[in-house]
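The block underneath contains the structure these notes are about, expressed in structure tokens.
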Amino acid sequence: MESWSAFADWHTHTHYSDGKGTIAANALAGRDRQLRQVAITDHGPASLGLGLKEPVPTLSKMRAEIDAWNASEQQPLLLLGAETNLISRQGDLDLPRKLLKGLDLVIASLHPLVRPLTWQDGASMLLPNIVQRYTRLRSRQLRNTNTKAMVEAVYRNPVSFVAHPGLWIDIDTEELANACVRRNTALEINCQHTDILFDYVAVAMPTGVDFVINSDAHSPAQVGQLAAGLHLAQRLQLSPERVRNIEQKG
Ligand SMILES: [Zn+2]
Ligand SMILES: [Zn+2]
147 MESWSAFADW
157 HTHTHYSDGK
167 GTIAANALAG
177 RDRQLRQVAI
187 TDHGPASLGL
197 GLKEPVPTLS
207 KMRAEIDAWN
217 ASEQQPLLLL
227 GAETNLISRQ
237 GDLDLPRKLL
247 KGLDLVIASL
257 HPLVRPLTWQ
267 DGASMLLPNI
277 VQRYTRLRSR
287 QLRNTNTKAM
297 VEAVYRNPVS
307 FVAHPGLWID
317 IDTEELANAC
327 VRRNTALEIN
337 CQHTDILFDY
347 VAVAMPTGVD
357 FVINSDAHSP
367 AQVGQLAAGL
377 HLAQRLQLSP
387 ERVRNIEQKG
């Protein structure tokens, strides 16, 4: 079991959204943990109060910092990504397709505190999800709306993986996982929320979907802290070939 090791952390935040460190600080932390790749994936612009501001110039500034680090040929290789938000029932994400295509990696997430595309999306999806997060109310209709929206997002966009599905939001994990299999999109085992995610990984596993294990670091010290996710995967006897950022040693 100790022979599992992660070569990449593909979900980390910086001061460009709600993270505390710089891109270089995340890179240095990744180097200390002997990672070969670290992705910088700040929140998309629809995240209330903390998303990327002015995405076009900001992403190009971030790209320049990443290119400078990579030109130095130090480990790890830095990738530019974004943790985009689902903002409509039709699967729209909060960055235009053109910007998504320029990224090395796209994460799709369903967060409650997000500016919706239209007021109807707010009224029928985002707002009820906020209510559900803080109450025990459950509605099959909302679950269907969430699932359909995320499945559409996976079909319509170049999504590398879906972040922490099921976290705070009610969703049909099996249906989402089946869509991900068809689109070669992975599901994330997010190391900030492993307690909540045990059931979802167990439900998704039989579909044959691939996983990625990430830190979702919001400070450089958390970059590459993947022990909790590795532990969860091993407890569920997930085969290492199905975890994209893992390699088996020995
Ligand atoms: Zn998130
Ligand atoms: Zn995140």
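Position one of the sequence shown corresponds to residue 147 (this note's numbering), numbered consecutively onward.
The beta carbon of each residue, even a glycine, is placed where N, CA and C say it ideally should be.
Worksheet item: Using a Cβ-Cβ cut-off of 7 Å (strictly less than) and excluding sequence neighbours within five positions of S361, which residues of its own chain qualify?
Response: Here the set comprises D155, H157, T158, C337, Q368, V369, G370, Q371, L372.
Discussion item. Rounded to whole angstroms, what is the Cα-Cα separation between N172 and R209?
Written reply: Roughly 14 Å separates the two Cα atoms.
Worksheet item: Under 8 Å, do Q278 and D316 count as touching if we go by C-beta distance?
Response: Yes; because the gap between Cβ atoms is below 8 Å, this pair is in contact.
Fill in: Minimum C-alpha distance to A152 - residue among T160, L181, G165, D164
With distances taken between Cα atoms, A152 lies closest to L181.
Worksheet item: Could you give the distance in angstroms between the alpha-carbon of Q394 and the alpha-carbon of L273?
Response: Straight-line Cα distance between these residues: approximately 43 Å.
Discussion item. Rounded to whole angstroms, what is the Cα-Cα separation between T291 and A323?
Written reply: Between the alpha carbons of T291 and A323 lies a distance of about 16 Å.
Worksheet item: What is the DSSP secondary structure of G227, counted as helix, strand or coil?
Response: Here G227 carries a strand assignment [DSSP, helix/strand/coil].
Worksheet item: What is the DSSP secondary structure of D155, counted as helix, strand or coil?
Response: Looking at D155 - three-state DSSP - the assignment turns out to be strand.
Worksheet item: Does the Cβ of H257 have 16 or more other Cβ atoms within 10 Å, making it buried, or fewer, making it exposed?
Response: Under this definition H257 is a buried residue.
Item to complete: Enumerate in chain order the residues of its own chain whose CB-to-CB distance from G237 is below 6 Å, with the five nearest sequence positions on each side excluded.
Response: For G237, where only same-chain residues beyond five positions count, the Cβ hits under 6 Å are A295, E298, A299, R302.
Item to complete: With a cut-off of 5 Å, give the chain-ordered residues whose Cβ is closer than this to any heavy atom of ligand 2.
Response: Taken from the N-terminal end onward, the list reads E229, D362.
Practice prompt. Would you tell me roughly how many angstroms separate the C-alpha atoms of R289 and G197, rounded to the nearest one?
Written response: CA-CA distance, R289 to G197, rounds to 25 Å.
Discussion item. Within a Cβ cutoff of 7 Å, which residues of the same chain sit near K166, ignoring the five residues on either side of it in sequence?
Written reply: Excluding positions up to five away in sequence, the list reads H364, S365.
Discussion item. Considering Cα atoms alone, identify which of R329, F344, L223, Y162 is closest to A175.
Written reply: Ranking the options by Cα distance to A175, first place goes to L223.
Discussion item. Short of 8 Å in beta carbon distance, which residues of its chain neighbour S221, apart from the five on each side in sequence? Order them along the chain.
Written reply: The identity of residue 221 in the sequence shown is Gln, whereas the question assumes Ser. Leaving aside the five residues that flank Q221 on each side, the residues in its chain whose CB is nearer than 8 Å to its CB run, in chain order, G176, R177, Q180, L181, R182.
Discussion item. Rounding to the nearest angstrom, what Cα-Cα distance links A348 and W215 in this structure?
Written reply: C-alpha separation (whole angstroms): 38 Å.
Discussion item. Per the DSSP calculation, W150 is bridged to which residue(s)?
Written reply: Looking at the DSSP assignment, W150 forms a beta bridge with Q394.
Discussion item. As a quick exercise: from G248, N391, L232, pick the residue whose alpha carbon is nearest that of L259.
Written reply: Selected option, being the one with the closest Cα: L232.
Worksheet entry | N360 in three-state terms, based on DSSP | Looking at N360 - three-state DSSP - the assignment turns out to be strand.
Discussion item. I need the straight-line Cα distance from L226 to V305, nearest angstrom please.
Written reply: The alpha-carbon atoms of L226 and V305 are separated by roughly 14 Å.
Worksheet item: Among D240, A217, A254, which has the Cα closest to the Cα of T331?
Response: For T331, the nearest C-alpha among the options comes from A254.
Practice prompt. Compare the beta carbon distance of L397 and L205 with 8 Å and say whether it is the shorter of the two.
Written response: Not covered by the structure: residue 397. The range shown for the chain is 147 to 396.
Item to complete: State the Cα-Cα distance for the pair D356 and V184, rounded to the nearest angstrom.
Response: The alpha-carbon separation between D356 and V184 amounts to approximately 19 Å.
Discussion item. Tell me which residue opens and which closes the alpha helix (DSSP H) that L251 is part of.
Written reply: No alpha helix (DSSP H) contains L251, which is instead part of the beta strand (DSSP E) from 251 to 255.
Worksheet item: Would the C-beta of A254 count as close to ligand 1, meaning under 7 Å from any of its heavy atoms?
Response: The nearest non-hydrogen atom of ligand 1 is 7 Å or more from the C-beta of A254.
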